[in-house]
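Single-structure report; data block below.
Number of protein chains: 2
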Amino acid sequence: MLSSLIFIISFSFIPAVLVFAADFSYSGITGPAFWGKFNETCLQGENQSPIDIPYDEFLKFTKPDYISFDDSHNVEIENKGHSIEISKNLSGKLKIKDDDYELLQFHFHTPSEHRVDGKYHDVEAHFVFTDKEGKYSVVGVFYDISDQPSEFFNPIIANIPHGEDKKTIEFIGLSSVLKDIDWLNKAYNYFGSLTTPPCTEGVIWWVAHSVQPIGKDQFFKLRDTTGFNSRYTQVRKGEK
Amino acid sequence: MLSSLIFIISFSFIPAVLVFAADFSYSGITGPAFWGKFNETCLQGENQSPIDIPYDEFLKFTKPDYISFDDSHNVEIENKGHSIEISKNLSGKLKIKDDDYELLQFHFHTPSEHRVDGKYHDVEAHFVFTDKEGKYSVVGVFYDISDQPSEFFNPIIANIPHGEDKKTIEFIGLSSVLKDIDWLNKAYNYFGSLTTPPCTEGVIWWVAHSVQPIGKDQFFKLRDTTGFNSRYTQVRKGEK
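Top line first, the protein sequences correspond to chains Y and E.
full-length UniProt numbering numbers the first residue of the first sequence as 1 and each following residue consecutively.
full-length UniProt numbering numbers the first residue of the second sequence as 1 and each following residue consecutively.
Okay, here's the thing in structure tokens:
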């Protein structure tokens, strides 16, 4: 009887513990202020992202040595609870000096994670690249609500999975994104981190200067799915 | 020569120190994670606001014993840098048991400070009431972008001061706000705090259930003035 009771109590605690250990969130005791328990880099790192970029620094442009985004077919879209992520069959390339990166996935934050002189935007897309050694480079693109829907977002919004199932998007016009941001000719470049646990540092960031439009209804459908999924801006090393 | 140099060095440090001591902000080392240095309640308080309200709790309605908002004339609008605040000649009343409160000021946060099940809104207005003893009660109202401009916001947006000057708004249709939120018949009530330093606790909160519209251009003008001015949601006492 006693052992049965102990079994029940032990068992009933397992799911709660698993959720606690595995899932970060954007509020409460698994929110950004507590991400140190998922990986201490989130708390102790000295080059954490996102940041509030001073406007005068934002105007100093740098660009990668090469970048290309190709239109892609039969990509996968997944609802990860705290984000909508598009991956597989993507064709994007980035070159920094002699280092070649490939586009791994992209996803969206509402509201934007980076700010410029304290100002934010409605959405920030993160195009995540990796090289052969597993190093990251991320292209960030801001979107603000517009009267016109965005063609790029159309197939994404139409295929957001409501549950844990994954869906396939037949065609996604990735090349238009790079064209819209002027082939990343105007970007703010800095060394930061992933903006979610494990908050890995050494990430080469490119935050595009140009702000792109997203339709109001497209925005609401995206935001209603993930809610607030933006880490607060981090203090930069040496900032006083 | 040496004394002159010391004078110059001392003098040049004064403005930075003054700004540091006096002004909280929403990023960097004066951002929300560091508000404990303005008042330790911000860091150590156990009933801090805003919070992420669980949806099932949000549906439990409570209302004050009496509330009224009257249309107001010749009110003052001030750009406080991190917020747009309307005060003076306001006529609003709130009664909680035998305690009478008067409307002191209202201001706006972009994006919303409170969330419901992790979801946020574009704007949150805070109507701040005080009683004779200086206790606070605040009514929070959410706004989302709409195709139609809001009549209530028209005189506010048209009179946002660009600098530190204050302006006068001849007429503001405050009564429409209370009507729009159904006389606060559906509100989430809890004990929290001010959401900016000194983060004073004992604040009686009423977060209106109904989400109101704000025109897209009105929203952008408001947001462009203050930028991101939303404290991240706080862990509630006893939350595990």
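Glycine residues also receive a C-beta, built at the ideal position from the N, C-alpha and C atoms.
Terminal residues of the alpha helix (DSSP H) in which residue i lies
{"i": "L184 (chain E)", "result": "Neither: L184 (chain E) is in no alpha helix (DSSP H) and is coded neither H nor E."}
{"i": "T168 (chain Y)", "result": "Looking at the DSSP string, T168 (chain Y) is not in any alpha helix (DSSP H); the run it does join, the beta strand (DSSP E), is K166 to I172."}
{"i": "Q105 (chain Y)", "result": "Where Q105 (chain Y) is concerned, there is no enclosing alpha helix (DSSP H), although the beta strand (DSSP E) it sits in stretches over D99 to H109."}
{"i": "T41 (chain Y)", "result": "T41 to Q44"}
Cβ-Cβ distance between residue i and residue j below 8 Å
{"i": "F127 (chain Y)", "j": "V116 (chain Y)", "result": "no"}
{"i": "I51 (chain Y)", "j": "E239 (chain E)", "result": "no"}
{"i": "I172 (chain E)", "j": "D71 (chain E)", "result": "yes"}
{"i": "G92 (chain Y)", "j": "L174 (chain Y)", "result": "yes"}
{"i": "N79 (chain E)", "j": "I160 (chain E)", "result": "yes"}
{"i": "I141 (chain Y)", "j": "V177 (chain Y)", "result": "Contrary to the premise, residue 141 (chain Y) reads as Val rather than Ile in this sequence. For V141 (chain Y) and V177 (chain Y), yes; Cβs fall inside 8 Å."}
{"i": "K97 (chain Y)", "j": "Y66 (chain Y)", "result": "no"}
{"i": "S87 (chain E)", "j": "T195 (chain E)", "result": "no"}
{"i": "residue 241 (chain E)", "j": "P197 (chain E)", "result": "Because chain E in this structure spans residues 1 to 240, residue 241 (chain E) falls outside the shown range and cannot be described."}
{"i": "H73 (chain E)", "j": "N89 (chain E)", "result": "yes"}
Where the beta strand (DSSP E) containing residue i begins and where it ends
{"i": "V128 (chain E)", "result": "V123 to T130"}
{"i": "N154 (chain E)", "result": "Unbroken run through N154 (chain E) is the alpha helix (DSSP H), N154 to A158; no beta strand (DSSP E)."}
{"i": "E57 (chain E)", "result": "Where E57 (chain E) is concerned, there is no enclosing beta strand (DSSP E), although the alpha helix (DSSP H) it sits in stretches over Y55 to F58."}
{"i": "K93 (chain Y)", "result": "S91 to I96"}
{"i": "F69 (chain Y)", "result": "Y66 to D70"}
{"i": "L222 (chain Y)", "result": "No beta strand (DSSP E) holds L222 (chain Y); the alpha helix (DSSP H) holding it covers K216 to T226."}
{"i": "V211 (chain E)", "result": "Note, V211 (chain E): premise wrong, no beta strand (DSSP E); not H, not E."}
{"i": "E151 (chain Y)", "result": "Careful: E151 (chain Y) lies outside any beta strand (DSSP E) and carries neither H nor E."}
{"i": "I86 (chain E)", "result": "I84 to S87"}
Residue i, buried or exposed, once every other Cβ within 10 Å from all chains shown has been counted against 16
{"i": "T168 (chain Y)", "result": "exposed"}
{"i": "T62 (chain E)", "result": "exposed"}
{"i": "S150 (chain Y)", "result": "buried"}
{"i": "D122 (chain Y)", "result": "buried"}
{"i": "H114 (chain E)", "result": "buried"}
{"i": "A21 (chain Y)", "result": "In this predicted model, A21 (chain Y) has a pLDDT of only 44, less than 50, meaning its place in the structure is not dependable enough to derive any value."}
{"i": "E40 (chain Y)", "result": "exposed"}
{"i": "S210 (chain Y)", "result": "exposed"}
{"i": "G31 (chain E)", "result": "buried"}
Closest Cα partner of residue i within the set the options
{"i": "W205 (chain Y)", "options": "Y:G118, Y:F58 and Y:G36", "result": "Y:F58"}
{"i": "I77 (chain Y)", "options": "Y:E170, Y:K237 and Y:K186", "result": "Y:E170"}
{"i": "K119 (chain Y)", "options": "E:E40, E:A33, E:Q234 and E:S25", "result": "E:S25"}
{"i": "N154 (chain E)", "options": "E:Q218, E:F38 and E:D224", "result": "E:Q218"}
{"i": "D180 (chain Y)", "options": "Y:P198, Y:F152, Y:I156 and Y:A158", "result": "Y:F152"}
{"i": "C42 (chain Y)", "options": "Y:G202, Y:S210 and Y:H73", "result": "Y:G202"}
{"i": "T130 (chain Y)", "options": "Y:K237, Y:Y101 and Y:H209", "result": "Y:Y101"}
{"i": "L104 (chain Y)", "options": "Y:N39, Y:E124, Y:Y136 and Y:N74", "result": "Y:Y136"}
{"i": "T233 (chain E)", "options": "E:E40, E:P54 and E:S87", "result": "E:P54"}
{"i": "E124 (chain Y)", "options": "Y:G36, Y:D99, Y:L222 and Y:K132", "result": "Y:L222"}
{"i": "D224 (chain E)", "options": "E:H162, E:K186, E:R236 and E:W183", "result": "E:H162"}
{"i": "D182 (chain E)", "options": "E:S68, E:S27, E:K60 and E:G36", "result": "E:S68"}
{"i": "N185 (chain E)", "options": "E:G36, E:P64, E:D23 and E:S27", "result": "E:P64"}
{"i": "residue 253 (chain Y)", "options": "Y:D56, Y:G36 and Y:G134", "result": "This structure does not reach residue 253 (chain Y), given that chain Y is present from 1 up to 240, and the question cannot be answered."}
{"i": "D56 (chain Y)", "options": "Y:A187, Y:V235 and Y:F220", "result": "Y:A187"}
{"i": "F106 (chain Y)", "options": "Y:D99, Y:V75, Y:K132 and Y:E133", "result": "Y:V75"}
{"i": "E133 (chain E)", "options": "E:E164, E:K166, E:D165 and E:D99", "result": "E:D99"}
If you pair each beta-carbon of the stretch 101–117 of chain Y with each one of the stretch 212–229 of chain Y, do three or more pairs fall below 8 Å? yes
Should the stretch 145–153 of chain E be called in touch with the stretch 206–223 of chain E, which here means at least 3 C-beta pairs below 8 Å? yes
Would you be able to state if there are at least three C-beta pairs under 8 Å between the stretch 191–208 of chain E and the stretch 76–83 of chain Y? no
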